Amino acid sequence: MMKLIELHIYGYGKLEDYMISSVGQLQIFYGENEAGKSTIMSFIHSILFGFPAKQSAEIRYEPKNNSKYGGKIKAFFPDRGVAVIERVKGKATGDVTVSLEDGTIGGEELLKDLLKRMDKSIFQAIYSFNVHGLQNIHAMKGEELGRYLFSAGTLGTDKLFNTESFLTKEMEQRFKPSGKRPLLNEKLKELKEVQTSLKIAEQQNEEYSELMSTKDGLTKKIAQLQNEIAMLEQKGLKLREYKRNEKLVIEAATIESKIREHDSGFFPGDGLNLLEKLDEQLKVIQARLLRIKEKKDHFLKELESNRPNSELLGMETEIEARIENLPLYEQLKQEKRLLESKLEEITEEISQLNDKLHTDFNEENIHEINTSIFIKEEAENIQQTEQRLRDKKLELEADFEEEKKALAELEARAEGAKAELLDEGKRNQLVNEMDHLENKDRIQSELNYLADQVEAAKSREESEKNRRKKQQKKEYNQLLLLGGIFLIVFLWGITNGTWLLAGIGIAGLLFLLAARYKSNEKMPVEDQILSKLLERERELKDALGSQPEGSAFTIKNLLARDEEVRLRHRELLIKIEQQHDRFEKVVQQFEAWETDIAGIRRKRAELLKQFGLTETVGTIKVMDAYQLIDTQKQYFRERKRIKESIKKVTESLMEMENSLKMLAERFLHNSNLAPIEAASLLKRTLREEIDQKSRYHELTVKLEEVEEEHSSLQKEELVISQEKKGLLALARTEDEDEFRQKAKDAALVKNWSARLEDINYQLLASGLTDEDRDKILTGVSLEEQIEGNELRLEQSKRELTTQFDVIADVKHKMKVLEEGGIYSELLHKYKQLQHEFAEDAKDWAKFAVAQDLLSRTIDRYKEERLPRMLAKAENFLSILTDGRYVKIIPQLSGSGFLIERNDHMLFEANELSQATSEQVYVSIRLALAAEHYDRYPFPIIIDDSFVNFDYKRTASIIKLQREMSNKNQILIFTCHRHLLDYFTENEILNLQEKSTNIV
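The numbering used here puts the first residue of the sequence shown at 6, with every later residue one more than the last.
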């Protein structure tokens, strides 16, 4: 099956540089509105079949912000493997490039081959459907619904339904059997009315009727005469053709008679030449057989005289091995001499090493000494430790002198610093003087600060006095006003005897006097702060006058220098203590070194004892002693190995000499030859025998070749004889003479047959049939037939001329009558209406023929393909309805279906519920795609076609699609989130999550 693997959109609609890297067998594309679902569906159609034309009703999805239009699809095709289909902006449908995995690269033609010449509209009709099909079901009623379902099952779309409706509509617009308004109905009515009027006019004009009858009779007579003349002319031509080919016909009949007379049956083509070739081949083979027999006898004699010594050749391998070992014999002798010399050198080296070690090692006691890797490591450690301790001693001595010197220097510097210090009495006096001087500076600083504060306070006091004067003036004016008011109230009350008012007036005056008095008593806060600042200033001036005189800078420098010296003295005392500690550490390291050197000397003495040496050997190093002893061991082992090698070489030399001696005695009959001489003689003798053996083998091969050739020639002779007999039998002859006679007859028949074939070709070109040839041979004389035919033709022509004259006179009379009355007008109108009715009827007939063809096509589809598709659709419908509806039965006539329920009740499509109609539609669409799978195994693309299904029906359709995905790849596009619950996470591609690439 074809399977989409990967989509890469360069630019298509609002998708730019958008990639879907893995498309599954059952793939769900989920996204909300405007997420790009329709764009991806259109992209798949466009890459496979080309971009829509600019004049097309389909959307082209050209990108607005990207100049690159198109993309590529990677797909698997069952018969070609993986292919990459890339289509970009170019010509009308785009420029396409197809790359196959075997390296083949092609264009539109290769893509069409991959898609098996599938058309885009057919692909969309069968393999790509959406919710619009269901919406059409909602919009239809009555018989239309059944016809629509039938159309969907035929083409996958409503095209068949629309075509049938269109044809019916066009025909009914032109003619209805019981209609009045259609065009043909109106013209037919008018034609009948004119015909009636014309008949009335004809009855009024009897003379015209008679003329009309006469004219019709004359017309028929003229037509009969014309046909007769044409037949006579044709017959005359045929008779003349007979006459022209009469001789060829007679010659052909004569040749056929001769062929029947001399044809004695089958004879092989070129049989005589074949017989002569076989005789010639037999003669050549018999001559070669005689020569080969003579060669065979000669080779047999040569073989007997060149027979080799098989015993000597049987020992060839051993003799050659001994001869090849002669260089080894000399090499072994040389090696023996070298080994003996090396043995002497090794013995001398052993003696010298014993002298160096002042000992006497031999092969027995040398191996008792342990020179393992562990002993070697111990010797290396002892020697390295001794060296390290010697180096350590030198370092400690240098450190001791250095630390001692540093300690003396620090003590001298500490004494110098101590001498520079002030005594305690002098230092305390300077500290007291410094404190007094610092107090004087502090009092002066505070006095300066107070002077600034006093100036500021005076300035604020002046400002406050000015503000207070203004305030007092304002308050005085207010009190004066209020006092006047209260005085008037008091006086009014006294005058009028209103004591209450007089009391209020007195109380107000008293209140104003009290307020005035308190205002004068208040002392401003600023005056109090200024008096305090002046009092503190006087105190500080008195304290400043009682301070001693002196230079604070000088005293401060003396104290600072003394403090610096004291600090340096304390640092030197600390360094002296630290130096004492370092000196003590050096002394302790000396003591540790003496302990280490004593221990390593004990280990050295013990190791030398293991080596069989004593301290009296001298100042030899431990590692040197180990290496000398290890070298001595190697010398002893080497000496032993050399002795064994000398023994093996001697044995090999003896074995070679004995074998050569044995071979010389056996084949040369002389056992006293030297090894070199014996080998040379054996080699020469063996070479002679090998040459003789080679010669013998060559002769044997040649003899075998001769015998094989002899056998082959005998077989070839037998085959040719059999072919000769077969050739005679094929010709049904007993001997060669009879065969040769039959060959002559066959040659004559062949020549006659060739001539007969030429004649037949000429007669066939002339158009003569076998019946014509029989007429020529057996009929009346051709001259008489030609003469009689010409006579009848002349008579017919004269009679035709007479009839033309008569009918011309009749037509003239009719014309006169027609021009003289209303009959002519009615006749003209009738003819005109007849013509118009005929033209309109032709137009109606086109649609009638188309409808008839469509009906026949539907009937043929019902008989041939519809049953298979309906079987699948019934299975799908049973699954979708849980077995409630089991069969889909086509209408006996026209288009449409009957749906059978499981209780055998039949329903028309318009009698079903809306949901069941949708399930019937989906079952038919899926069955149509499944029916075409064997020839076109394309993916099925579904766009939100199950949104109106309830939960149970949705589960059923998803189950069905999972079963179908085992064959077809199924791509489902949806914006409904609840459908995602029926699929696994790997089967869902969320377009919202990939929307970062959507512009």
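C-beta atoms are modelled at their ideal positions from N, C-alpha and C, and glycine is treated no differently.
These numbers were taken from a predicted model, which means no experiment stands behind them.
If we count the other Cβ atoms within 10 Å of its Cβ and call it buried at 16 or more, is residue i buried or exposed?
i, result
"P895", "buried"
"Q60", "exposed"
"L150", "Low confidence applies to L150: its pLDDT is 41, below 50, so where it sits in the model is not reliable, and the reading given next is rough at best. Looking at its Cβ environment, which holds 16 or more other Cβ atoms inside 10 Å, L150 is buried."
"Q140", "At Q140, the pLDDT of 46 sits below 50, so the modelled position is not reliable; the number obtained from the coordinates is stated separately. Per the 10 Å Cβ criterion, exposed."
"W849", "buried"
"D810", "exposed"
"F304", "buried"
"S950", "buried"
"V436", "exposed"
"A932", "buried"
"R778", "buried"
"R327", "buried"
"K527", "Low confidence applies here, because K527 scores a pLDDT of 48, under 50, leaving its location unreliable and the question unanswered by this model."
"K146", "Its pLDDT being 43, under 50, K146 is placed unreliably in this model, and the coordinates cannot settle the point."
Taking 7 Å as the cut-off, decide whether the C-beta atoms of residue i and residue j are in contact.
i, j, result
"I110", "L761", "no"
"A422", "H574", "yes"
"I581", "L415", "yes"
"L538", "A462", "yes"
"A97", "A62", "no"
"L426", "V570", "yes"
"P942", "M46", "no"
"L911", "L903", "yes"
"F82", "L119", "yes"
"L358", "I647", "no"
"P680", "E693", "no"
"L517", "L496", "no"
"L1008", "H267", "The question about residue 1008 has no answer, for the chain in this structure spans 6 to 1004."
"K626", "Q388", "yes"
"I651", "E391", "no"
"L976", "I946", "yes"
"K240", "N794", "yes"
"L9", "T44", "no"
"F405", "V591", "yes"
"R1", "L577", "It is not possible to answer for residue 1, since the shown part of the chain is limited to 6 through 1004."
"R92", "I52", "yes"
"Q808", "K197", "no"
Terminal residues of the continuous beta strand (DSSP E) containing residue i?
i, result
"N995", "I993 to N995"
"M24", "L20 to I25"
"Y35", "L31 to Y35"
"N135", "S133 to N135"
"E913", "L911 to E913"
"G16", "K8 to Y17"
"I893", "Y890 to P895"
Following the continuous alpha helix (DSSP H) through residue i, name the residue where it begins and the one where it ends.
i, result
"F657", "With the sequence shown as reference, residue 657 is identified as Ser, and Phe is not the correct amino acid for it. It spans V627 to L668 - the alpha helix (DSSP H) in which S657 sits, taken as one unbroken run."
"F902", "Here F902 belongs to no alpha helix (DSSP H); instead the beta strand (DSSP E) covers F902 to R906."
"K3", "Residue 3 falls outside the range modelled here, since the chain spans only 6 to 1004, and no answer is possible."
"H50", "K42 to F54"
Are at least three pairs of beta-carbons, each pair with one atom in the region 732–747 and one in the region 294–313, less than 8 Å apart? No, the region 732–747 does not touch the region 294–313.
Could you say if the region 212–227 and the region 721–733 meet the contact criterion of at least three C-beta pairs nearer than 8 Å? In the pairwise beta carbon analysis, the region 212–227 is classified as not touching the region 721–733: fewer than three pairs are separated by under 8 Å.
Within 8 Å, do at least three Cβ pairs link the region 6–18 to the region 959–966? Because the criterion of three Cβ pairs below 8 Å is not met, the region 959–966 and the region 6–18 do not touch.
Mind pulling the alpha helix (DSSP H) runs of 4 or more residues that sit fully within the region 238–276? Runs of the alpha helix (DSSP H) spanning 4 or more residues and lying entirely within the region 238–276 occur at 251–267, in chain order.
Would you call the region 74–94 and the region 111–122 touching, i.e. three or more CB-CB distances under 8 Å? Short answer: they touch.
Under 8 Å: do the region 636–644 and the region 652–664 share three or more Cβ pairs, one atom per stretch? The region 636–644 vs the region 652–664: no contact.
Just to confirm the assignment: which complete alpha helix (DSSP H) runs, minimum length 4, are found wholly within the region 677–727? Within the region 677–727, no complete alpha helix (DSSP H) segment of 4 residues or longer occurs.
Assess, as a yes-or-no matter, whether the region 27–45 is touched by the region 978–991 under the definition of 3 or more beta carbon pairs within less than 8 Å. Contact between the region 978–991 and the region 27–45 is present: 3 or more CB-CB pairs across the two stretches fall below 8 Å.
Does the structure place the region 766–773 close enough to the region 235–253 that three or more beta carbon pairs sit under 8 Å? Between the region 235–253 and the region 766–773, the count of C-beta pairs closer than 8 Å reaches three or more; the two stretches touch.
Contact the region 672–686 vs the region 326–343: 3+ CB pairs below 8 Å: Touching, yes, given that three or more Cβ pairs across the two stretches are closer than 8 Å.
Which full runs of the beta strand (DSSP E) of 3+ residues lie inside the region 919–990, going along the chain? Look at the region 919–990 and you find these whole runs of beta strand (DSSP E), each 3 residues long or longer: 945–948 and 975–979.
My parser needs the alpha helix (DSSP H) runs of 4 or more residues fully inside the region 319–369; what are they? If only complete runs of 4 or more residues are kept, the region 319–369 shows the alpha helix (DSSP H) at 321–329 and 331–361, in order along the chain.
Within the region 83–110, note down every full alpha helix (DSSP H) run reaching 4 residues or more, in order along the chain. Segments of the alpha helix (DSSP H) lying fully in the region 83–110: there are none.
Just checking, does the region 876–888 make contact with the region 921–937 on the three C-beta pairs under 8 Å criterion? These segments touch.
Decide if the region 92–107 is in contact with the region 68–82; the criterion is three or more beta carbon pairs, one per stretch, under 8 Å apart. With a cut-off of 8 Å, the region 68–82 and the region 92–107 count as touching, because enough Cβ pairs lie within range.
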